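Undergrad: In this text, residue positions in the sequence shown follow our numbering: the first is 770, and each later residue adds one. Yeah, the Cβ is synthetic: ideal placement off N, Cα and C, and Gly gets one too. Note that the structure is predicted; figures quoted are calculated from it, not measured.
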Amino acid sequence: MESDYDLEERRSRTWLWVLIGLLIAFAGGMGAMGYAVTHDARTAGLLHLEPIAQAQAEKAQATHAVVQQARQIITRQAAVTPPTPSQAQMATRVATLEDKVDDIQAQATEATGDASRAEGLLVAFAARRALDRGVELGYIEGLLRQRFGGTQPQAVATILSAAHQPVTLADLQNGLDAIAPTLAAGGSPKTSWWQSFRNELSGMVVVRRAGEPSAQPADRVTRAQRMLEAGQVDTALAEIVRLSDHSAADGWIVAARRYLAGRGALDQIETAALLDPATSAGAPRPAPAQTQAPVKVPGVASVHPATAKATD
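1) So G1031 and I909 are in contact, right, with Cβ under 8 angstroms, and what is the actual spacing, rounded?
2) Taking Cβ positions, are V936 and Y1028 nearer each other than 8 angstroms?
3) V836: buried (16+ other C-beta within 10 angstroms of its C-beta) or exposed?
4) Given a cut-off of 8 angstroms on the beta-carbon distance, is the pair Q921 and Q1037 in contact?
5) Does T844 come out as helix, strand or coil in the three-state DSSP assignment?
6) If the criterion is Cβ atoms closer than 8 angstroms, does the pair G944 and A1024 meet it?
7) Confirm, please, whether the CB-CB distance from A932 to L900 is below 8 angstroms.
8) Alpha carbon to alpha carbon, how far is L906 from A1098? Give it in angstroms, no decimals.
9) Among L866, L1035, A939, which has the Cα closest to the Cα of W1021?
10) Is A1005 closer than 8 angstroms to L997 when the C-beta atoms are compared?
11) Below 6 angstroms CB to CB, which residues in the same chain sit around E1039 once its five sequence neighbours on both sides are set aside?
12) Do you know how far the Cα of Q923 is from the Cα of A1019?
13) With a threshold of 16 other CB atoms inside 10 Å of the CB of L1035, please say whether the residue is buried or exposed.
14) Distance, Cα to Cα, R1054 vs K869?
15) Using DSSP with H/G/I as helix, E/B as strand and the rest coil, what is E905?
16) Using the three-state DSSP reduction, which class does S885 fall into: helix, strand or coil?
17) Is L952 near P986, with beta carbons less than 8 angstroms apart?
18) How is the alpha helix (DSSP H) around Q985 delimited, first residue to last?
19) Under 8 angstroms Cβ to Cβ from L785, same chain only, skipping five residues before and after it: list those, please.
20) Hey, could you find the ends of the alpha helix (DSSP H) H933 is sitting in?
21) Quick one, are the C-beta atoms of L1043 and R886 less than 8 angstroms apart?
22) Going by C-alpha distance, which of R989, R916, L912, Q934 is nearest D946?
23) Provide the residue span of the alpha helix (DSSP H) that contains T937, from first to last.
24) Could you pull the start and end residues of the alpha helix (DSSP H) that Q1037 belongs to?
25) From what residue to what residue does the alpha helix (DSSP H) around D1003 run?
26) Under the rule that 16 or more other beta-carbon atoms within 10 Å means buried, what is L788, buried or exposed?
27) Could you name the residues of the same chain whose beta carbon sits closer than 6 angstroms to that of T917, not counting the 5 residues immediately before and after it, in chain order?
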C-alpha cells in the first residue's frame, strides 16, 4: 500500500513541475514577443504594429510640423497687420488732418467770396447796361435790393429812381442841341428887350487871362456839346450852369444831374461788390415797381413829372 501512495505522490509532483514549466515558457514567450515588437520593425510589421520609437518619432514630427505651421501663421499676420501706433504718432496724424481740414475750409471760404463778388459785379453791370439803354431794370431791381439793399440802401434807391425816370447820353445830347440856339443867344425867348440889350452890352468887352476859355454863351454851349460827345456829362453840365441866363436849360440840367447821380450810385455799388461781397441772401425779392409815363419837357427827350419840378 505504501508503494501505491508513493507512486501517486510522484505522479502529482511530475504534473506540478510540468505546469510550472509551461507557465515559465508562456511568460518567456510573452516577454520575447514584447521585446521583438518594440525593438524589431519587421516583427511589428508582421503583426501590423509600429515600434514605440517609430511612434514617438512620428509624434515628434507631427508636433514639429504643427509648431512650424503656427509660426508661419503668426509671421503672416505680423506682416499684414501693421503695429499699433503710439499716442504721439496718433496726435501727430490728428494735427495733420486738422491742418488739412482748415486749409480746405479756407479755400472753400475764399472760393465762396470770389463767387459772391463776381455775382455782385454782374448785377451791377446789368443795372448799368439797363440805365445806359434807358430801359426798365425788371428782375435786376430785385437783385439790387437783395444784394446791396442792406449795405448800400441810398445807392440802390438812387439807381431805382434813375431807372424809373431813364435818361441816356443820347437824350442829353439831343436836348442840348435843341436848346443850343437859345442858350447861345444869351437867354430865353421870353427875355425882355432891355435884358437882351444889357446882355449884348456886357458881352461886347470881355477881359480874361490868356489861355482862359471864353465865357461867351455861344462858346460855352459849343464846349458843352463837345464834352457830351466825349461822354463828360459833368463838365458839360458845369458849362451850362455857368451861363448868365440858363433858364431855358432848367429841364436839361435836372436830367443831367439825375444821369450823373445814377452813374455815381452804380460806381458805388460796383466798389462795394469788389470790397465787400457779403450780401443779404435771405432778403425776399420784391416785384418791380410801377413806373409813370414820361412827359415831354423842352430841351430833354423824356422827363417824368416828379423831376420836372426839381430845382437847381
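TA: Taking the coordinates as given:
1) Contact doesn't hold; Cβ gap of about 13 angstroms is too wide.
2) yes
3) exposed
4) yes
5) helix
6) yes
7) yes
8) Outside the shown range of the chain (770 to 1081) lies residue 1098, about which nothing can therefore be said.
9) A939
10) yes
11) A893
12) As written in the sequence, residue 1019 is Asp, which differs from the Ala given in the question. Going by the C-alpha atoms only, they are around 25 angstroms apart.
13) buried
14) Per-residue confidence for R1054 stands at a pLDDT of 41, beneath the threshold of 50, marking its modelled position as unreliable; no derived number is given.
15) It is coil, neither helix nor strand.
16) It is helical.
17) yes
18) Element bounds for Q985: n/a, residue is neither H nor E.
19) none
20) 922–933
21) yes
22) R989
23) Bounds of any alpha helix (DSSP H) do not take in T937, whose DSSP letter is neither H nor E.
24) Segment 1019–1044, the alpha helix (DSSP H) holding Q1037.
25) That run of the alpha helix (DSSP H) goes 1002–1010.
26) A residue is called buried when at least 16 other Cβ atoms come within 10 angstroms of its Cβ; L788 does not meet this threshold and is exposed.
27) The residue you asked about is not Thr; residue 917 is Phe in the sequence shown. Once the five neighbours on either side are set aside, the close Cβ partners of F917 are V925, I1038.
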